[in-house]
Amino acid sequence: MGAKTPESTFQIPAKLRPLFDIGRDVLGARDRANLHVLLERHSTSVINALTPLLQDLEFNSNNPPAIEDPDENDSTSVSLGVAVANRLAASLRDSIAVSSVLMAAAKEMLSPSTSPRRRDLLEMVLSDPPAVLRAGKAVPRQLSLAYLDVLKGSVAFFAAMAACVEGNRIEPWLASALVEAFEGSVRRLAWLAAGLGYPTGVGSSDTAVDLALLFQEAQDADQAFLRRFEDDVRHGRTGVPQDQ
Amino acid sequence: MKVPLREGDAIKATAGGKPGRPGVILRIHVVDGLEWAFIAFGSTVAPKGAEQDRQSVVLGAGNIGFDELRLTEITWFKATFPGRLRTDDDCIHRVGTCPESLLVQLRTLFGFR
């Protein structure tokens, strides 16, 4: 951690405190590898901390908040450096654009005119794939990893915000790595949106993946696995293996 | 009361008189009315040869999952080293939750997409 700038007078609202607590912990990263361990370690707790906020969120896609490029005196520039703070601002603008597109996908999911098959796909992608995976359902590897990147990026964002709000000047490598993780999460969200048929123009989302096909492949592989598993159990190939 | 196991749980199992073999539950499935867990087990014995090395996931101190799985030394999860146990087997003890990226790596090792 770098030097602390003059004490900030900003009071963090109670609902945001858990997110800033997570962020503060991440700011203690020793190096990039350790940072990614911390980002993933907090990826579950960030969902828990965000859920009550999302319930209160009133997002008006017709009137999104304006994010301006920070100048050198802005608190984000002081904490992250001007160039990194500008990258963060650009990525925030992208994230607002992608979020508004994903809101349209969520509306489609809730629409009575959406076919059951299409609704299933939207639900699987827009819900919480790690939780779905832990519930024993087949989730494509690419989707699990994309969702993990989204969560890690969210943790990174709140770490950067914690530094800015509390007036901490963080080391350049850490500032850059945090914003890189956030940029990656926005690109992943754009990739998911494009895969659902909602191109955003952000990142490489123009090359849309066929998410329905990925789910089908994952389900086929899961069924094949279960057949082998049943066969092994019925043939007594059970127990804990001997060390090799 | 024993907590029900689920996919993604990090466990330790007693095996061959050795307590605490680390593992991750990759799949739970009912076979002929009984619930079974497919478990990727870790071993402290290094893979033999390049082929076995390719078909393994290694965790050392500092890697994500090392602390969550309560490992104490470098551990290899090999494709040739799975276990299949009843979920109510007393030898299984849940120790935590496997991190997402490791869970995905281990699932890939065993043929999930």
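Same order as they appear, the protein sequences are chains A and B. Letter 210 of the first sequence, counting from 1, is numbered 210 in the working numbering, and no numbers are missing. Letter 112 of the second sequence, counting from 1, is numbered 1112 in the working numbering, and no numbers are missing. Cβ coordinates follow ideal geometry from the N, Cα and C atoms, glycine included.
**Q.** With 16 other Cβ atoms within 10 Å as the buried cut-off, status of A/G81
**A.** buried
Q. Can you list the residues of chain A that B/R1054 reaches, using a CB-CB cut of under 7 angstroms?
A. In chain order: nothing, as chain A lies at least about 15 angstroms away.
Q | Secondary structure, beta strand (DSSP E): runs of 3+ residues fully inside the region 183 to 240 of chain A | A | Qualifying beta strand (DSSP E) stretches: none in this window.
Q: Report yes or no: do three or more beta-carbon pairs, one from the region 221 to 241 of chain A and one from the region 1011 to 1022 of chain B, lie closer than 8 angstroms?
A: yes
Q: Look at the alpha carbon of A/M109 and the alpha carbon of B/P1019, and state the distance between them as a whole number of angstroms.
A: 48 angstroms
Q: Note down, in chain order, each residue of its chain lying with its Cβ closer than 6 angstroms to the Cβ of A/R87, except the 5 sequence neighbours on either side.
A: V179
(Q) Please give the ranges of any beta strand (DSSP E) in the region 1009 to 1066 of chain B, keeping only runs that are unbroken, at least 3 residues long and fully inside the region. (A) 1009 to 1015, 1018 to 1031, 1034 to 1043 and 1056 to 1059
Q. Whose C-beta lies closer than 8 angstroms to the C-beta of B/T1097 among residues of the same chain, with five residues either side of it excluded?
A. Same-chain partners within the cutoff: G1008, D1009, A1010 and E1068.
Q: To the nearest angstrom, report how far apart B/A1046 and B/P1022 are at their CA atoms.
A: 15 angstroms
Q. What do you get for A/D94, buried or exposed, if any count of 16 or more other CB atoms within 10 angstroms of its CB means buried?
A. buried
(Q) Using a Cβ distance threshold of 8 angstroms, determine whether the region 1075 to 1095 of chain B contacts the region 1030 to 1044 of chain B, with at least three qualifying pairs required. (A) yes
Q.
For B/E1073 and A/L174, what's the separation of their Cα atoms in angstroms?
A. 29 angstroms
Q) Anyone know if the C-beta pair for A/Q219 and A/A138 falls short of 7 angstroms? A) Yes, the Cβ-Cβ distance between A/Q219 and A/A138 is below 7 angstroms.
Q) Going straight from the alpha carbon of B/N1063 to that of A/T76, what length do you get? A) 31 angstroms
Q) Can you list, in chain order, the residues of the region 217 to 233 of chain A whose Cβ is nearer than 7 angstroms to any Cβ on chain B? A) Result list: E217, A218, A221, D222, F225, L226, F229, E230, D232 and V233.
Q | CA-to-CA distance, A/T44 to A/L102, given in whole angstroms | A | 21 angstroms
Q.
Taking 7 angstroms as the threshold (beta carbon to beta carbon), is B/G1049 in contact with chain A?
A. No, B/G1049 lies away from the interface with chain A (no Cβ there is under 7 angstroms from its Cβ).
Q: Could you name the residues that DSSP lists as bridge partners for B/G1093?
A: According to the sequence as given, residue 1093 of chain B is His; it is not Gly. B/H1093 is bridged to B/K1012.
**Q.** chain A contact residues for B/A1013, given Cβ-Cβ distances below 7 angstroms
**A.** Those are V240, listed as they occur along chain A.
(Q) Strictly by DSSP, which residues pair up with B/R1086? (A) B/W1036
Q) DSSP beta-bridge partners for B/K1078? A) Beta bridge pairing from DSSP links B/K1078 with B/S1056.
Q) Run through DSSP, which three-state label would A/N168 get? A) strand
**Q.** Inter-residue Cα distance where the pair is A/L35 and A/V26
**A.** 7 angstroms
Q: Below 8 angstroms on the Cβ atoms is my guess for A/A212 versus A/L121; work out the distance and round it to an integer in Å.
A: The pair is a contact, with the Cβ atoms about 6 angstroms apart (cut-off 8 angstroms).
Q: Could I get the ranges of all uninterrupted alpha helix (DSSP H) runs contained in the region 62 to 89 of chain A, with 4 residues as the minimum, in chain order?
A: 75 to 80
Q.
Quick check on this structure: which residue in B/L1071, B/P1099, B/R1107 and B/C1091 has the alpha carbon closest to the alpha carbon of B/P1082?
A. Checked all of B/L1071, B/P1099, B/R1107 and B/C1091; the closest Cα to B/P1082 is B/R1107.
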